[in-house]
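Enquirer:
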Amino acid sequence: MKPFTLVRPTSLAEAARLSAASDAEIKAGGVDLVDRMKEGIDSPKTVVSIVEIAGYDRIEPGPPARLGALATLARIADDAGLRKAYPALADAAAGAATPQIRHMATLGGNLCQRPRCWYYRLEEFECRKKGGDDCFARDGENRFHAVFDTDLTCCCVHPSATGTALLAYGASLDVVGPKGKRTLPIDRFFHRPVKDPTRENTLTAGEIVAGVAIPAPAAGSRSAYRKLKEKESFDWPLVETCVAFTLSGGTVRGARVVFGSVAPTPYRSMAAERALEGGTPSDALAKKAAEAAIAEAKPLSQNAYKVTLAKVELERALRQAWA
Amino acid sequence: MKEKIRVGFEGDFQFREIEIAAGDPAPWDPSQKFSVVGTRQPRLDGKAKATGEAKYSIDVRLPGMLYGRILRCMLPAATVKSLDLSAARKMPGVRAAIALAEPGEKLRFAGQEVAAVAAETPDQAEDALAAIRVAYEARPFVVSLDDARKSGAPLVFEGKTETKTSGGDVESGGKNLARHGNVLGPRSTVKGDVDAGFQKAAGVVEGTYDTQVQTHSALETHGLVARWEGTELTVWASTQGIFDMRDQLAETLQIPVSKVRVITEYMGGGFGAKFGPRVEGLAAARLAKEAGAPVKLFLDRKEEQLASGNRPSARQTVKAGATRDGKLTALQLTVYGNGGTNGGTGTSGPVKNVYACENLKVDEYDVFTNAGPGTAMRAPGHPQGAFALEATMDELAKAIGMDPLEFRLKNDPSAVRREQFRVGAEKIGWKDRDARRKTSDPEILRGVGVGAAVWYNTGGTGPRATVTIHKDGSAEVEHGVQDLGTGSRTMVAMVAAEELGVPLDEVSVSIGDSRLPFAPDSGGSTTTPSSAPAIRRAAWEAKQALARAVAKEWKVPAESVKVEKGRVSAAGNPPHEATWAAACKLLPSEGVAATAERADNHEDAWKRFTTGCQFAEVEVDTATGKVRVNRVVAVHDCGVPINPLTTESQIQGGVIQGVSYALFEDRILDRPTGRMVNPNVEAYKIAGALDVPEIDVTLVSVWDGINNTNSVGIGEPATVPTAAAIANAVSHALGVRIRQIPITPEVVLAAVRERDSKGGRS
Ligand SMILES: Cc1cc2nc3c(=O)[nH]c(=O)nc-3n(C[C@H](O)[C@H](O)[C@H](O)COP(=O)(O)OP(=O)(O)OC[C@H]3O[C@@H](n4cnc5c(N)ncnc54)[C@H](O)[C@@H]3O)c2cc1C
């Protein structure tokens, strides 16, 4: 790890100003950032710690809910009000990483963490995400990589479990920047690497996620989050699925279907959403939606099995949600 | 002296006359009433380890100590063109820099050592590596076993084969073997005539089985702290063999053995990869000499994954035949093993030594690739071999329409293991395993599988121990053995306490120092059967010394003094009797002591393999391919277990490592660049707490009379059959054969597709 200066501002506005410099980085729980610094893939000159700034760790379950960016995954997982209104978010937080990590990991850090692609994470591979010319995964070892949106500049998968759930709930982010505040719908937060693979979200220099607002679910709303991992301890998911919809008069309305760990962003499947709209819950409907979803998949050389997993897991998530 | 002893196991004892070395006690008899041996004793150092009070070699910090770091070449095949350390030497804090490769030298895997530096802080050392000017010429490389076997493949060794082996490694087969391209061998074994055997068979099966590279991933990494005082070198090492380390350091550095001292007070695991100083240990010693200050050089996790050894991968083809009534008629194994730049990849132990078969043919080839060198790992070759053999046994049983367990029992020459199979079958519920295949969830199937363990019961001669009995009745043992974490320290104390009849908490133990009496390397499950007999003998001789001292005080002949548990007596007129404490009070202030050497193994003892078997019950999600191991029943022979608690924990560890091998672990090399993409413990997946099944351990005590304690090692047999049993269980659940590990969701989904396309049962 290279030497750096740690600064501990007392307000987010000040943190935003300090972190606007290109050689500065925000640190919340530090689970991801410090790891990258130790591995030699990031060497900020200034580390701006926000974790002690008061007032941003609140959880107001609502609904509508408001969560501070410094709320930890452990607290989100344990909040009874959140679990009642937004079970998929609680499950996403509860299933991420390990108990120790969940006590350190913050919501903002979870949304803004960098991908786990092994080429990106090893200093000896100068990949596109680090400004290099190659995506090593495309023709290399890609068993855990993307199966959707694989024709872009980078085929990593986005690791954020909370991002997957919040996208399904149509949340929005409160953002504080050097020039003030703005509200950013989560649909516009994640960045597809169409041209630029060096970032995963649309925050601009110095912008910090201050909190998240989740709209109140409509009457009859249902949601579910599932993840599939090879190992139960200390592993990253192969596929995450999150669904949210309302059941009104026995039919599915306004479904949002999101996959995690299968694309460079949490991946909304509009095709599955269309297939569900107006349908009556049944195994056949689940199958139809899952088939519609995976019709868009373009797996790489070693990961076609993840498409099967996405299909199975989406069917199960739907059955779980309307059960 | 000839003595009649009882050998065998519960329900099956026999008498045997064996020759016992003068001065050595006869092996304990099955009727022996133990007071310490056989009791469940927590590790003496358990609390120190749990609280962090125990200082491992990696925790050692000396005044003025420097930090060493190694520069590695990240090309899989390269020639060093030039190497210039001068700029690195001038970097802040740098006190020494040495070359580990010379210009012109060929490097053969990504991660191979090139140079090393020592600096005042780890960060300064890291920065200094970046200042080393080195130029390489890249050469063509090959990293996959399939590619390496092709004609015209880039050659890992252009000239002669330059493998580097260390203690515990499997013999690579000697210099006489031919190498064609990257393929060395075969080493062949022939017994009878397999072709004739296949002719006689009513059923013949053949299958090819793939196993991956597994890394040792011990918690404590490789390395040592080296300190010179004048011409004397002391190292604090993480090693499985402090005496072997001492001798190799002396030889390589060309200093007298007497000038080298190796200390391993506590150790964080080795699994076969920690013999000798290796590159990093020698580098530390040389850097310390050059700098004139102590140097600490421990690998980081990434280096550990790249260059500290691994269990080679293998592609095994097994063909076997049996008669209609279930007798094996022929068994044939052809294996291509890949240990990167090392050989010794054979897997034939189980095929040769588990089931009886008159006609046997084995051909073992080493395939070289540009990958980190394989080295001995917990039962070298055996988990691989067991996986292929036990799958074959299941297939063959099916082909002749026989229950797979019955088929095994018919062909198993070991009475002990036949008993173990019966015990395990009862516990796992073998009889109704077919009925339990279906679960309440139609997508989840259950399966039960079995595998046999085999290992070699070989303690070695040479170990010495000193036992001192103090005037207050307490006792001390000095024995230089290192405790890898297996519980050796506690074992040493228990054996002495048993023989002396002194309470365990009045025995203190000094281990882990090459200045103490010689002790064995810890490899091949030989530690306990090598050490325990030496300790028992020393304690026995110390008791005789006590008897002589007491006899002098009592003025009776020494032969008339009897030392029993807690009591010393002499018949005669008048008779003498004293408690242990009172008798010891008669000793001079220095107490009495004896140093004894372990006697040879009793050649005429009951010769046998160490046996065991494991049964696994799994649940398989047929839609996602995910496997969950519910339960492993492990039935093992550990001779007469000295400490059942740590014996069981060795077996649990073996099972956990086996589960991890069966389902998760895999060193993944990037084909285009030849580099490992998961050199960590995040993407290199190791079973965690939630992945560990319920483990049910049964120990079957066996008295073989081979040494005075009937002790046998257990580290290795404990992991031999786990993956085999799990793979058989998954195959049973699915109704289709699993032919590769790790059994990932992808592998299971492919097997399900194969089954469904053949219209197999569901
Ligand atoms: C073994 C393991 C398994 C894991 N499994 C999962 C999993 O299954 N699912 C999952 O989702 N995660 C998983 N994680 C990741 C873990 O949840 C994240 O690393 C963690 O949430 C990061 O939070 P943090 O507060 O520590 O972030 P930090 O490390 O402090 O920050 C991460 C990044 O986000 C930026 N950042 C932090 N806060 C803000 C903010 N408020 N506004 C703008 N930028 C910000 C930082 O600059 C930094 O670049 C796993 C991690 C490990 C080690």
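Order-wise, the sequence lines are chains V and P. So the mapping is simple: this note's numbering equals the position in the first sequence, first residue as 1, plus 118. So the mapping is simple: this note's numbering equals the position in the second sequence, first residue as 1, plus 1287. Cβ atoms here follow ideal geometry from the backbone N, Cα and C, with glycine treated the same way.
#1: For Ala133(V), verify whether its CB is less than 6 Å away from any heavy atom of ligand 1.
#2: Buried or exposed for Asp1759(P), going by 16 or more other Cβ atoms inside 10 Å?
#3: Relative to the alpha-carbon of Ile1982(P), which residue among Val1946(P), Pro1959(P), Val1964(P) has its alpha-carbon at the smallest distance?
#4: Sorted by chain position, which residues of the same chain lie with C-beta nearer than 7 Å to Tyr385(V)'s C-beta, five sequence neighbours on each side aside?
#5: Does the beta carbon of Gly1659(P) come closer than 7 Å to any beta carbon on chain V?
#6: Which parts of the segment 1364-1435 of chain P are runs of the beta strand (DSSP E), unbroken and 3 residues or longer, counting only runs that do not cross its ends?
#7: First and last residue of the alpha helix (DSSP H) that includes Cys1871(P)?
#8: Does DSSP put Ala1609(P) in a helix, a strand or coil?
#9: In terms of residues, what are the limits of the beta strand (DSSP E) holding Lys1639(P)?
#10: Chain P partners of Trp236(V), CB-CB under 7 Å?
#11: Taking all protein chains shown into account, do 16 or more other C-beta atoms lie within 10 angstroms of the C-beta of Arg1611(P), making it buried, or fewer, making it exposed?
#12: Report the residue from Gly1310(P), Pro1862(P), Asp1316(P) whose alpha carbon sits nearest the alpha carbon of Arg1293(P).
#13: With distance defined between alpha-carbon atoms, name the residue in Val1768(P), Ile2013(P), Asn1888(P) nearest to Arg1918(P).
#14: Establish whether the CB of Thr426(V) and some CB of chain P are separated by less than 7 Å.
#15: Under a three-way DSSP split, which group does Trp440(V) fall into?
#16: Under 7 Å, Cβ to Cβ, is there at least one residue of chain V near Thr1911(P)?
#17: When burial is assigned at 16 or more other CB atoms within 10 Å of the CB, is Val1522(P) buried or exposed?
#18: Name the residue from Val1916(P), Cys1900(P), Glu2033(P), Gly1899(P) whose alpha carbon lies nearest to the alpha carbon of Ser1906(P).
#19: Would Glu1306(P) and Lys1291(P) qualify as a contact pair, given that the criterion is a beta-carbon distance under 7 Å?
#20: So, does the CB of Phe1396(P) fall closer than 7 Å to a CB anywhere in chain V?
#21: Relative to the C-alpha of Thr1476(P), which residue among Tyr1652(P), Glu1407(P), Phe1562(P) is closest?
#22: Suppose you measure from the CA of Ser1847(P) to the CA of Val1764(P); what does that come to, to the nearest Å?
#23: At a CB-CB cut-off below 8 Å, which residues of chain P make contact with Leu356(V)?
#24: Taking only three categories from DSSP, how would you classify Met1963(P)?
#25: Under a Cβ-count criterion, where at least 16 other Cβ atoms within 10 Å of its own Cβ denotes burial, should Gly1811(P) be classed as buried or exposed?
#26: So, at 8 Å on beta carbons, what are the nonlocal neighbours of Ser1438(P) in its own chain, with the 5 sequence-adjacent residues on each side left out?
#27: Is Gln1901(P) helix, strand or coil when you go by DSSP?
#28: Does the beta-carbon of Gln1399(P) have 16 or more other beta-carbons within 10 angstroms, so that it is buried, or is it exposed?
#29: Give a yes or no on whether the C-beta atoms belonging to Val1999(P) and Cys1925(P) are separated by under 7 Å.
#30: Thinking just about the alpha-carbon of each residue, which of Ala428(V), Asp401(V), Pro179(V) is nearest to the one in Trp440(V)?
#31: Determine the contact status of Gly1661(P) and Pro1564(P), defining contact as a CB-CB distance below 7 Å.
#32: For Ala2115(P) and Gln1499(P), what's the separation of their Cα atoms in angstroms?
#33: Is the shortest distance between the beta-carbon of Gly258(V) and the beta-carbons of chain P less than 7 Å?
#34: Could you pull the start and end residues of the beta strand (DSSP E) that Asn1917(P) belongs to?
#35: Run down chain V in chain order and give the residues with a C-beta less than 9 Å from the C-beta of Met1378(P).
Expert: Looking at the atomic coordinates:
#1: For the purposes of this step, residue 133(V) is taken as the residue at position 15 of the first sequence. Checking every heavy atom of ligand 1 against the Cβ of Ala133(V), none is found closer than 6 Å.
#2: Your numbering for residue 1759(P) matches position 472 in the second sequence. Answer is exposed; the Cβ neighbour count stays below 16.
#3: Locating residue 1982(P) in the second sequence gives position 695, counting from the first residue. Here the closest residue by C-alpha is Val1946(P).
#4: Mapped onto the first sequence, residue 385(V) falls at position 267. Closer than 7 Å at Cβ, skipping near neighbours: Phe266, Asp267, Val376, Phe377.
#5: For this step, residue 1659(P) is matched to residue 372 along the second sequence. Under the Cβ distance rule, Gly1659(P) does not count among the residues neighbouring chain V, no pair being separated by less than 7 Å.
#6: With a minimum length of 3 residues, the continuous beta strand (DSSP E) runs that stay inside the segment 1364-1435 of chain P are 1365-1371, 1381-1386, 1399-1406, 1420-1425.
#7: Here residue 1871(P) is taken as the residue at index 584 of the second sequence, counted from 1. Run containing Cys1871(P): 1867-1872, per the alpha helix (DSSP H) assignment.
#8: The residue you call residue 1609(P) lines up with position 322 of the second sequence. In the three-state scheme derived from DSSP, where H, G and I count as helix and E and B as strand, Ala1609(P) is classed as strand.
#9: Along the second sequence, read from residue 1 onward, the residue named residue 1639(P) stands at position 352. Bounds of any beta strand (DSSP E) do not take in Lys1639(P); it lies within the alpha helix (DSSP H) bounded by 1636-1640.
#10: Locating residue 236(V) in the first sequence gives position 118, where the first residue counts as 1. Going along chain P in sequence order, the residues near Trp236(V) (Cβ under 7 Å) are Val1964, Asn1965, Ala1970.
#11: The count along the second sequence starts at 1 and reaches residue 1611(P) at position 324. Residue burial is scored here from C-beta neighbours: Arg1611(P) has fewer than 16 other C-beta atoms within 10 angstroms and is therefore classed as exposed.
#12: By one-based count along the second sequence, residue 1293(P) stands at place 6. Comparing Cα positions, the closest option is Asp1316(P).
#13: Taking the second sequence and counting its residues from 1, the one referred to as residue 1918(P) is at position 631. The shortest C-alpha separation from Arg1918(P) is found at Ile2013(P).
#14: Looking up residue 426(V) in the first sequence gives position 308. So yes, Thr426(V) belongs to the interface.
#15: The residue you call residue 440(V) lines up with position 322 of the first sequence. Per DSSP, reduced to three states, the secondary structure at Trp440(V) is helical.
#16: Counting from one through the second sequence, the residue named residue 1911(P) turns up at place 624. At least one CB of chain V lies nearer than 7 Å to the CB of Thr1911(P).
#17: Within the second sequence, residue 1522(P) is the residue found at index 235, counting from 1. A residue is called buried when at least 16 other Cβ atoms come within 10 angstroms of its Cβ; Val1522(P) meets this threshold and is buried.
#18: Taking the second sequence and counting its residues from 1, the one referred to as residue 1906(P) is at position 619. It should be noted that the sequence gives Glu, not Ser, for residue 1906(P). Taking only the C-alpha atoms, the option nearest Glu1906(P) is Val1916(P).
#19: Against the second sequence, residue 1306(P) aligns to sequence position 19. Against the second sequence, residue 1291(P) aligns to sequence position 4. No; because the gap between Cβ atoms is not below 7 Å, this pair is not in contact.
#20: One-based indexing of the second sequence puts residue 1396(P) at position 109. It does not; no Cβ of chain V falls within 7 Å.
#21: Within the second sequence, residue 1476(P) is the residue found at index 189, counting from 1. With respect to the C-alpha of Thr1476(P), the residue from Tyr1652(P), Glu1407(P), Phe1562(P) having the closest C-alpha is Tyr1652(P).
#22: In the second sequence, residue 1847(P) corresponds to position 560, counting from 1. In the second sequence, residue 1764(P) corresponds to position 477, counting from 1. One Cα belongs to Ser1847(P), the other to Val1764(P), and the distance between them is close to 26 Å.
#23: What you label residue 356(V) is simply residue 238 of the first sequence in a count that begins at 1. Residues of chain P passing the Cβ test: Pro2032.
#24: Walking along the second sequence from the start, residue 1963(P) turns up at place 676. In the structure shown, the three-state DSSP call for Met1963(P) is strand.
#25: Taking the second sequence and counting its residues from 1, the one referred to as residue 1811(P) is at position 524. In this structure Gly1811(P) is buried. Its beta-carbon is surrounded by 16 or more other beta-carbon atoms within 10 angstroms.
#26: For the purposes of this step, residue 1438(P) is taken as residue 151 along the second sequence, with counting starting at 1. If we look at Ser1438(P) and ignore the five residues flanking it on each side, its Cβ neighbours are Gly1468.
#27: Along the second sequence, one-based indexing puts residue 1901(P) at 614. DSSP places Gln1901(P) in the strand class (E or B) of the three-state scheme.
#28: As a working mapping, residue 1399(P) is identified with position 112 in the second sequence. Around the C-beta of Gln1399(P), 16 or more other C-beta atoms lie within 10 Å, and the residue is accordingly described as buried.
#29: For this step, residue 1999(P) is matched to residue 712 along the second sequence. For this step, residue 1925(P) is matched to residue 638 along the second sequence. With contacts defined by Cβ atoms closer than 7 Å, Val1999(P) and Cys1925(P) form a contacting pair.
#30: The residue given as residue 440(V) occupies position 322 in the first sequence. If we check each option's Cα against that of Trp440(V), Asp401(V) comes out closest.
#31: Locating residue 1661(P) in the second sequence gives position 374, where the first residue counts as 1. Locating residue 1564(P) in the second sequence gives position 277, where the first residue counts as 1. In this structure, Gly1661(P) lies away from Pro1564(P), with their beta-carbon atoms at least 7 Å apart.
#32: No answer is possible for residue 2115(P): it lies beyond the span of chain P, which begins at 1288 and ends at 2049.
#33: Here residue 258(V) refers to the residue found at position 140 of the first sequence. Chain P contact via Cβ: present.
#34: Working through the second sequence from its first residue, we reach residue 1917(P) at position 630. Boundaries of the beta strand (DSSP E) harbouring Asn1917(P): 1914-1923, taken from the DSSP string.
#35: Residue 1378(P) sits at position 91 when you count from the first residue of the second sequence. Those within 9 Å of Met1378(P) in chain V number zero; the least Cβ separation is about 14 Å.
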